[in-house]
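Reviewing the structure listed below.
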Amino acid sequence: MTLPENLLNAINGTLHVNAPALPSCALVFDSPHSGLTLPDGFKPSVDAAMVRQASDTYVDELFAAAPDIGAPLLVAEFPRSYLDVNRAVDDVDVSMIAGEWPHPVRPSAATHRGMGLAWKYAWGDVLMHDTPISVAEMEHRIAAFWHPYHDRLRALLDHTFDTYGRVYHVNCHSMPEFGHKLSPDPAGTRRADFVIGDGDGTTCDSAFVDCICSAAESLGYSVKRNDPFKGANLIRDYSDPARGRNSVQIELNRALYMNEVTRERSSGFAALTRDLTSLMKTMREFVETA
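Set out below in structure tokens:
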């Protein structure tokens, strides 16, 4: 499979795609939260470091070998707290918008914690903006960032499905070592090394999920399934396992590879990168025989 040029073109400040090397396979990877570039015109009331606090720093680098095993890697370049593409387009917190929001609204549990489509809190209880943002600003974020990312992911998945008759989408994330004030699990909860989410068995072929879990455990990592993260919109909205459209989320514990205070890579970064490359090769072997 050779990807059409329109699927490889970067959108500056928004996204880029690392093209698969040949021979390709039925895998597609995406990293929606590793972006660190603050968009032009974004004026939070906190500093850039606080904006980036929630980012999945280095996840795009940890999965950088995906193209070498024949899979495209789609990467968002902007911080998730600015605009979270793993939320529904109507997952809007109207309390952070000045004036009446003229579009449908369906806030999720994450929104009630301040982590909706655009984050109300930069981290903890620190407000991202000291005054409400305008309707025009939120509409701009959706038009310029949410739609391009979803359009590109959908096109990559459709192209792969049309080529192979099936597609396996791996949605790549990281998580703090412990639960915290904004998380679904209690603050202070020590998390597993890997959390694999498949919407409680609804978004992916269970045999593929079993393969990922077993491979990670064989590499010496602790693994939990759907606890505390089951996966959000990017796996729910593009999956239909009965038709060969599979999506799974991988959460990596940041304690494995970085210092969460300084945001610097730790001594474990190289080992985890090596092990993830091995894991991705195992995924390829699975999809080639499925």
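Letter 274 of the sequence shown, counting from 1, is numbered 1716 in our numbering, and no numbers are missing. From the three backbone atoms N, C-alpha and C, an ideal C-beta is built for every residue, glycine too.
- Annotation for Y1699: no alpha helix (DSSP H) segment contains it, and DSSP assigns it neither H nor E.
- Secondary structure note for K1723: its alpha helix (DSSP H) is the uninterrupted segment 1711-1731.
- In the displayed model, H1475 falls within coil according to three-state DSSP, outside both helix and strand.
- The residues G1621, in chain order, have a CB closer than 6 Å to that of P1628 in the same chain once the five nearest residues on each side in sequence are set aside.
- About 4 Å separates the CB atoms of G1639 and G1673; that is less than 8 Å, so the two are in contact.
- Restricting attention to P1544, N1528, A1564, A1540, the CA atom closest to the CA of S1550 is found in N1528.
- The three-state secondary structure of M1570, taken from DSSP, is coil.
- Using a Cβ-Cβ distance cut-off of 8 Å, the stretch 1563-1578 and the stretch 1535-1543 are in contact, since at least three pairs of beta carbons, one from each stretch, lie closer than that value.
- In the three-state reduction of the DSSP assignment, S1616 falls in the strand class.
- By the Cβ neighbour-count rule, P1462 is buried, with 16 or more other Cβ atoms within 10 Å of its own.
- Sixteen is the threshold: when 16 or more other Cβ atoms of the shown chains lie within 10 Å of the Cβ of V1470, as they do, the residue is buried.
- Boundaries of the alpha helix (DSSP H) around N1448: 1447-1450.
- For a cut-off of 8 Å, the C-beta gap from M1617 to E1693 is around 5 Å, short enough to register as a contact.
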